[in-house]
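Colleague: Under this note's numbering, the residue at position 103 of the sequence shown is numbered 116, and the numbers go up by one with no gaps.
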Amino acid sequence: MILLIVGTQKFQFNRLLMTIDKLIDEKKITERVVAQVGNSDYKPVNYEFQDFFDSNKFDLLMDESTLIITHGGVGSIVSALKKNKKVIVVPRLKKYNEHIDDHQLEIVEEFKKRKHILLNTNLNDLYSDLCNIEYFKPNLYKKDSNRMLYEIDKFISEIN
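1) Spatial neighbours of residue 89 within its chain, please: C-beta separation below 8 Å, excluding the five flanking residues on both sides.
2) Taking residue 62 as part of the beta strand (DSSP E), name the residues at either end of that continuous run.
3) I need the boundaries of the alpha helix (DSSP H) containing residue 16, first residue and last residue.
4) Per DSSP, what are the beta-bridge partners of residue 80 in this structure?
5) In the structure shown, what three-state DSSP assignment does residue 106 receive?
6) On the three-pair Cβ rule with 8 Å, is the segment 99 to 109 touching the segment 65 to 75?
7) Would you identify the three-state DSSP class for residue 117, choosing helix, strand or coil?
8) Among the candidates 75, 113, 30, 24, whose CA atom is the shortest distance from the CA of residue 16?
9) Decide yes or no for the touch test of the segment 115 to 124 against the segment 23 to 33: beta carbon pairs closer than 8 Å, at least 3 of them.
10) Is residue 58 buried or exposed, if buried means 16 or more other CB atoms sit within 10 Å of its CB?
11) My guess is that residue 120 and residue 87 are in contact by the Cβ rule of under 8 Å, so how many angstroms apart are they, rounded?
12) Nearest-angstrom Cα distance between residue 154 and residue 95?
13) Can you name the start and end residues of the alpha helix (DSSP H) that residue 140 belongs to?
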């Protein structure tokens, strides 16, 4: 099962939800997909979704999943990595009115650099990422990764 997480921001993330629907429609995704769609306007046609999950349901879905596709929120990424899940991150972008700035893109570059995730910045390439995820060998995420937390805190301080 693929778990799709778009986060709890007040902004929509329709382009990711629509891309997943299209890939299912084209039979490029045949696995079950369950999504947390947040405040998006678009309601998926080809997969299960809920606006938000309570923490118990979210945890169960994460455990059940074989792959996580998530927005660039640190909490979602770290939760998936702590469970040793393979993760494709699609950051929200300002130019699509998905967030107020592009901080998600800047933050997830650190996760990519450490080879914890696959980073997708062009949804036209998402199918390719889905094909390649089988061969992606992420570096183990260390739960006490103080250095990464320091880097993220430092980055957030710099943009404020």
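For every residue, glycine included, the Cβ atom is placed at its ideal position computed from N, Cα and C.
Modeller: This is what the structure holds:
1) Counted from its first residue, the sequence shown places residue 89 at position 76. Closer than 8 Å at the Cβ level, and outside the excluded window around residue 89, lie 18, 20, 81, 83.
2) Within the sequence shown, residue 62 is the residue found at index 49, counting from 1. Its beta strand (DSSP E) spans residues 61 to 63.
3) Start at 1 with the first residue of the sequence shown, and residue 16 comes out as number 3. No alpha helix (DSSP H) holds residue 16; the beta strand (DSSP E) holding it covers 15 to 18.
4) Here the question's residue 80 lines up with position 67 in the sequence shown. According to DSSP, which records beta bridges pairwise, residue 80 is partnered with 15, 99.
5) Residue 106 sits at position 93 when you count from the first residue of the sequence shown. Residue state, collapsed to three classes: coil.
6) no
7) Stepping through the sequence shown from its first residue, residue 117 is reached at position 104. In this structure, residue 117 counts as helix in the three-state DSSP scheme.
8) The sequence position of residue 16 within the sequence shown is 3, counting from 1. When only C-alpha atoms are compared, the closest one is 75.
9) no
10) Taking the sequence shown and counting its residues from 1, the one referred to as residue 58 is at position 45. Exposed, since its Cβ has fewer than 16 Cβ neighbours within 10 Å.
11) As a position in the sequence shown, residue 120 is number 107, starting the count at 1. As a position in the sequence shown, residue 87 is number 74, starting the count at 1. The Cβ separation is near 6 Å, so the contact holds.
12) To locate residue 154, count along the sequence shown from 1; it is residue 141. To locate residue 95, count along the sequence shown from 1; it is residue 82. For residue 154 and residue 95, the distance between alpha carbons rounds to 7 Å.
13) On the sequence shown, position 127 is the one that residue 140 refers to. Note, residue 140: alpha helix (DSSP H), 139 to 145.
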